[in-house]
Amino acid sequence: MMTRDSPYLKISYPADSALAGTPVRKIWLGVLAVVTLALPLVGTPLLIDLACRAAIAVVGALALNLLTGYTGLVSLGHAGLIAAGAFTTAIFAAELKAPFWIALPSAVIVGALLGLVVGAPSLRLKGLYLALSTLSLHFVILFLASEYQSARGFSTGLIVPAPALGRFVLAGATAWYYALLGMATLATLFCLNLVRTRPGRAWMAIRDRDIAAAATGVNVSAYKLLAFVVSSALTAFAGSLWAFFNGFVSVEAFSFFMTIEYIAMIIIGGMGSILGSILGALFVTMLPYGIDAAVNVFPVPAQIRTQLFAVKFGAFGLLMALFLALEPRGLVNAWSRARTYFDLWPFRYHPLRR
């Protein structure tokens, strides 16, 4: 019997919306914190590098899920916005010699402004037409970035100096791991709290039924535009982190395949879920390396080895199709079922039999 002061009995909205409202959740969060903080002590250089790339992917997946999963607005310009953030960072850091604490916010501002530009058509367009308008932004950004790269004579890309604060320079796999882990954690907390505020509830109402949302007093146009601005700013932030971490920016790195990767992240992980964004980013980031490991371990025909890129690209399409057909809510739903099973075990109700 639960008493009134039991942590499992919620009697107020703040208690019900707490991020870690039960002792079990606090224990699991503590275990997760210990594991992530200790990873550089036991992980290989390849694993640490993958973790860094996964942290950047988490930020980008969170941004796309805010727009598509929570607001229901389709965007195919995600890679272009990441490129905008990366090139803005490169121009400020490499060309203008600005410190990172100016280059990074500048990229976020540019992303927010692009969100205004690409969000304006969403006030009149929906579905496929909106997707095509965002896709056009992708090609416009890549065209401008390519022209700038060619005009400046950077054949292979722009070199981005490492972030520095006084004599401290962010360098080394371990230092980057902790820095990117902190950024991904801050982005996750920001999104978790944002979706529980008035804009977050308005976005979900628009996603479910925009006409009903307008009838209840939601300013649909304003909140759609806000969703594009916030998502684009966070996406450009991910692009800025990408530029600083890799140390260079080249237009060839931001192909449409990157957009497919991020769409795969939110579909496989679970749309409309912060945890789904994290799970999807981790899964998709590790998938190509998992395919490489499988090819090296198992006997694979030489023809498949020579077409490994096509195999990876096809794997994304196949997985998205399978998840849409068999698990529309993604990995987060599978995790929810597993958690419920162990929460109720061994006192599970058996189905009624006639």
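The sequence shown lines up with residues 4 to 357 when you count with the working numbering.
Even glycine gets a Cβ: it sits at the ideal position worked out from N, Cα and C.
Same chain, Cβ closer than 6 Å to residue i, five either side skipped, listed in chain order
i, result
"Ala-60", "Ala-284, Thr-288"
"Leu-165", "Sequence check: residue 165 is Ala here, not Leu. For Ala-165, where only same-chain residues beyond five positions count, the Cβ hits under 6 Å are Val-172, Leu-173, Ala-174."
"Arg-356", "Confidence at Arg-356 is low in this model, with a pLDDT of 49, below 50, so its placement is unreliable and the value that follows should be read with caution. Excluding residues within five positions, none has a Cβ falling inside 6 Å."
"Gly-242", "Ile-85, Gly-88, Ala-89"
"Phe-103", "Pro-166"
Among the options, nearest to residue i - alpha-carbon criterion
i, options, result
"Ser-36", "Tyr-181, Ala-66, Asp-52", "Reading off the sequence shown, one finds Ala at residue 36, where the question assumed Ser. Among Tyr-181, Ala-66, Asp-52, the Cα nearest to that of Ala-36 belongs to Tyr-181."
"Thr-188", "Val-62, Gly-320, Leu-126, Glu-330", "Val-62"
"Leu-128", "Asn-222, Lys-227, Gly-88, Ala-106", "Lys-227"
"Ser-235", "Pro-48, Leu-49, Val-111", "Val-111"
"Cys-194", "Gly-220, Ala-123, Ser-276", "Ser-276"
"Ala-101", "Leu-67, Leu-135, Leu-168", "Leu-168"
"Gly-122", "Val-232, Val-252, Leu-237, Glu-330", "Val-232"
"Met-261", "Lys-315, Pro-48, Asn-299, Thr-219", "Lys-315"
"Asn-249", "Leu-161, Phe-142, Glu-330, Trp-206", "Leu-161"
"Leu-428", "Leu-99, Ala-134, Ala-96, Leu-140", "As displayed, the chain neither begins before 4 nor continues past 357, which places residue 428 out of reach and without an answer."
"Leu-70", "Ala-297, Pro-304, Met-274, Ala-296", "Met-274"
"Leu-290", "Leu-192, Leu-321, Leu-278", "Leu-321"
"Asn-68", "Leu-99, Gly-279, Ile-294", "Gly-279"
Element boundaries [alpha helix (DSSP H), containing residue i]
i, result
"Glu-150", "130-154"
"Lys-29", "26-45"
"Pro-108", "103-122"
"Lys-227", "223-249"
"Leu-49", "48-67"
"Arg-210", "201-211"
"Ser-280", "277-300"
"Gly-79", "It is Leu, not Gly, that sits at residue 79 in the sequence shown. No alpha helix (DSSP H) contains Leu-79, which DSSP labels as neither H nor E."
"Tyr-181", "176-197"
"Phe-259", "259-272"
CB of residue i within 8 Å of CB of residue j, strictly
i, j, result
"Phe-286", "Leu-334", "yes"
"Ile-271", "Met-323", "yes"
"Phe-301", "Val-163", "no"
"Leu-65", "Leu-325", "no"
"Leu-138", "Gly-46", "no"
"Phe-251", "Gly-114", "no"
"Cys-55", "Trp-206", "no"
"Ala-217", "Val-223", "yes"
"Ala-341", "Glu-330", "no"
Spatial neighbours of residue i in its chain, beta-carbon cut-off 8 Å, leaving aside the 5 residues before and after
i, result
"Thr-177", "Pro-43, Ile-51"
"Pro-354", "With a pLDDT of 49 at Pro-354, under the threshold of 50, the predicted position of this residue should be treated as unreliable, though the coordinate-derived value follows. Same-chain partners within the cutoff: there are none."
"Leu-327", "Ile-270"
Proximal residues to residue i (C-beta, below 7 Å), its chain only, five neighbours per side dropped
i, result
"Leu-145", "Gly-83, Ala-86, Val-254, Phe-257"
"Leu-244", "Ile-59, Val-62, Leu-183, Met-186"
"Gly-317", "none"
"Gly-118", "Phe-231, Val-232, Ser-234, Ser-235, Ala-236"
"Met-4", "Note that Met-4 scores a pLDDT of 45, beneath 50, so its modelled location is shaky and nothing firm can be said."
Report yes or no: do three or more beta-carbon pairs, one from the region 73-83 and one from the region 208-218, lie closer than 8 Å?
Result yes; three or more Cβ-Cβ pairs closer than 8 Å.
With a cut-off of 8 Å, do at least 3 Cβ pairs link the region 88-104 to the region 262-279?
no
Measuring CB atoms only, is the region 26-36 touching the region 150-158, in the sense that at least three cross pairs come out at less than 8 Å?
The region 26-36 vs the region 150-158: no contact.
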